[in-house]
Amino acid sequence: MRNLVFVSLVLRCTISRRVGRANHTDTSDTSPITVMPRKNLALEISLVVCALLGAFIVQAVVSQTKPPKMPKFERSNYSEEIVGIVKGETVAISESEQPSNAIPVKYDKHQSALGHAPQWDLLDAYQYTVSRAEFIHLMSNVYSVGPYWKDWFTLEAEHVLIKTHGNDLSKTYKLAFQNEVVEAKPKKFWRTRVELGESSESAPLLGLRIAIDPGHIGGDYAEIEHRRFILKDGVPPIQEGNMTLTVAELLMNQLESLGATVHLVRDKNSPVNPFRPENYYAYAESKLILNKSAVTEQSVKREADKLFYRNGEIRARAELVNQELKPDIVLCLHFNADAEPDPEDPSLYEKEHFHMILNGAYTQSELAHDDERFQCVLKILQGNHAEEAKLTAAAAASFHAESGLPPYQYTSNSSRAVNVDGNPFLWARNLIANRLYDCPVLYFEPYLMNGKDSYKRMQVGDYSGLGFVNGKLRPSIYREYVNAVTKGLVNYYTAEIVVEKPPETLSKDPQVIDPLVKVAAEADPKELQSQPEDAASESAESAEFDQSNSEVETE
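Quick note on numbering: UniProt numbering labels position 363 of the sequence shown as 363, and the sequence is numbered without any gaps.
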């Protein structure tokens, strides 16, 4: 349009100039000189008219190829809200508008780190979905460490009263138990094996929706998240986040070839979390102040880093899993590590181990958090544990068969773990991921990044086929991981697996899918790698290679 206006203006100016000259010409002079301006004027007018027509044609063509002009939207105030949060200012954000991983204005001792007050009325959809006996069994044997849960739950014959606010113990939520008259089905987006459609021999995982969560971040963030092991100078570091992504990519291809629909929670070595450590400074400072801890530049930064890579990152992943992917199961992939007695002089452990973690074992302090108490109840109402336990048992049996790793065992009086079904490979712990993901979670903790055998295999890297490493002919550690996970899933979804006792020995042929698993013998007690609680294998979000922060934090 601007081209047309410009041509029009040129035309008008040209005509005006030429006419002006013609008016000032002596009319009595009949020489050729006085005629030339009129001829030039006619010629130029013709040229301008042609240009004008050409401009119309060009404009018509351009209008068909140019992208439409986008309307101007009002500037979102979300970034201003975030700035307000970072500065510690009070910002009014309604619960419905607030993303689940948004940074609260300040630390609330009645919620877990970065947690928001739960909406208890969301449990209305789960009335009459669990029996009284089942509720008591799960709270007593799976979801709590000790009898502390009774401080928050008042059992009646037909319902349970749940304290909803740590700052006002008079407020309760009434949850009705299932009875002979009313029996409701739980509301959930995931499906059990029974609820899935028929599979085929060539596609045993047909229809199964899987989200693969490669643990940690890796890349440039490996050091800040303390998942980077350097044995000595000049040797490439071992970074858990990089390795879990390698396994995830290989596993995704293999599971898709068997009929599953697979998504990666992250597909690169960068955070899912939209925030960075500096965004957590105000919240970190408020947490330190409320907990009466020393507030220094270093302590605030250390706390903010932890909030970023642990709490904030996993909350962002949980939002992706629960709101967008909505899988039937989540595979949380990790590599384990034992604490280093002397971080300045690291060494490799001779004995390695493997275990899997289910959600449960909420401690007294964790149940005191309103949001964790809510998630605990939600897990029970959605029926997660029954499916999770059967799936994990099958996966553990397959992994033990494939890797030969013995089970890791927490101490019998552990304050943070509960054994599941007497299986030495299965332990319930309240970790952020297996708590916030609203579906069954298979949480793998195999190998040791600082284990003598695994360290060498990790340094060798991935390769196809078999390789001779540490005196053994075997696949790469990553493909062994993939095969173990795949076989466990195929076993579970193609056969009715009954695990009566802990797994001992299964076929180690990487080309053979293990048949129906019915274990009749317990694992050799000599294989159990029991360690003192303070030196126990640290898993998932809490593991670090130095002793400066060796406590286990599950927030």
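C-beta: ideal position from N, C-alpha, C; glycine also.
* **For Trp427: DSSP bridge partner residues** => Ile357, Asn419
* To do: Just mark Thr296 as buried or exposed, buried being the case when its beta carbon has 16 or more other beta carbons within 10 Å.
  => exposed
* Asked: Is Tyr143 closer than 9 Å to Val428 when the C-beta atoms are compared?
  -> According to the sequence displayed, residue 428 carries Ala and not Val. Yes, they are a contact pair.
* Can you give me the start and stop residues for the beta strand (DSSP E) that Gly241 sits inside? => First-last for Gly241: 240-257, but that is the alpha helix (DSSP H), not the beta strand (DSSP E).
* Alpha-carbon spacing of Gln409 relative to Ile432, whole angstroms -> Here the alpha carbons of Ile432 and Gln409 stand approximately 21 Å from one another.
* Starting from Arg209 and walking both ways along the beta strand (DSSP E), at which residues does that stretch end? -> 209-214
* To do: Return the bridge partner residues of Ala176 from the DSSP annotation.
  => His159
* Helix, strand or coil at Ile329 according to DSSP, with G and I counted as helix -> strand
* **Exposure label - Gln323; buried when at least 16 CB within 10 Å** => exposed
* **Leu251 CB to nearest heavy atom of the ligand SAH below 8 Å** => The ligand SAH is not part of the structure shown, which contains no ligands of any sort.
* Asked: Taking just the CA atoms, how far does Phe468 sit from Val441?
  -> When rounded, the distance between both Cα atoms is 34 Å.
* Per DSSP, what kind of secondary structure is Lys268 in: helix, strand or coil? -> coil
* **Residue from Leu250, Leu175, Asn101 whose Cα sits closest to the Cα of Leu122** => Leu175
* Asked: Less than 9 Å separating the beta-carbons of Cys332 and Tyr443?
  -> yes
* DSSP three-state call for Ala386: helix, strand or coil? -> helix
* To do: Identify the continuous alpha helix (DSSP H) that holds Arg474 and give its terminal residues.
  => Note, Arg474: premise wrong, no alpha helix (DSSP H); beta strand (DSSP E) at 472-474.
* Identity of the residue in Tyr481, Met356, Ala117, Val265 nearest Tyr463 by Cα -> Tyr481
* To do: Find the nearest neighbour of Glu387 within the set Lys187, Arg191, Glu134, Phe177, judged by alpha-carbon distance.
  => Closest in alpha carbon position to Glu387, among Lys187, Arg191, Glu134, Phe177, is Arg191.
* List the residues that DSSP assigns as beta-bridge partners of Val262. => Ile210
* DSSP state of Ser144, grouped into three classes? -> Strand at Ser144.
* Would you say Asn179 reaches chain D, if we count a Cβ-Cβ gap shorter than 9 Å as a contact? -> Note that chain D does not occur in the displayed structure, where there is just one protein chain.
* Asked: Of the residues Asn434, Leu391, Leu258, Ala304, which one's Cα is nearest the Cα of Glu225?
  -> Ala304
* Asked: If we count Cβ pairs, one from each stretch, closer than 8 Å, do we get three or more for the stretch 111-122 versus the stretch 363-378?
  -> yes
* Asked: What is the residue span of the alpha helix (DSSP H) that Tyr443 lies within?
  -> Per DSSP, Tyr443 belongs to no alpha helix (DSSP H); it is in the beta strand (DSSP E), 441-445.
* **Candidates Ala417, Gly422, Ala396, Ser403: closest to Asn491 by CA position** => Ala396
* Which stretch, first to last residue, makes up the alpha helix (DSSP H) that contains Gly488? -> 477-494
* By the 10 Å Cβ neighbour count, where 16 or more other Cβ atoms means buried, how is Ile357 classified, buried or exposed? -> buried
* Put Val469 into one of helix, strand or coil per three-state DSSP. => strand
* Helix, strand or coil: how does DSSP classify Gly197 here? -> coil
* **residue 571 versus Gln178, Ala157, Ala260, Pro186, residue with shortest Cα-Cα distance** => Here the chain has residues from 1 to 555 only, and residue 571 is not among them.
* Around the C-beta of Asp168, are 16 or more other C-beta atoms found within 10 angstroms, so that it is buried, or is it exposed? -> exposed
* With a cut-off of 8 Å, do at least 3 Cβ pairs link the stretch 312-326 to the stretch 130-146? -> no
* Asked: Alpha carbon to alpha carbon, how far is residue 562 from Ala184?
  -> Since the first residue shown for the chain is 1 and the last is 555, residue 562 is missing from the structure and cannot be characterised.
* **Cα-Cα separation, Lys163 to Asp370** => 8 Å
* Short Cβ contact (9 Å threshold) for Ala389 with Val420 -> Taking 9 Å as the cut-off, the Cβ atoms of Ala389 and Val420 count as close.
* **Short Cβ contact (9 Å threshold) for Ala361 with Val105** => At a Cβ-Cβ threshold of 9 Å, Ala361 and Val105 do not count as neighbours.
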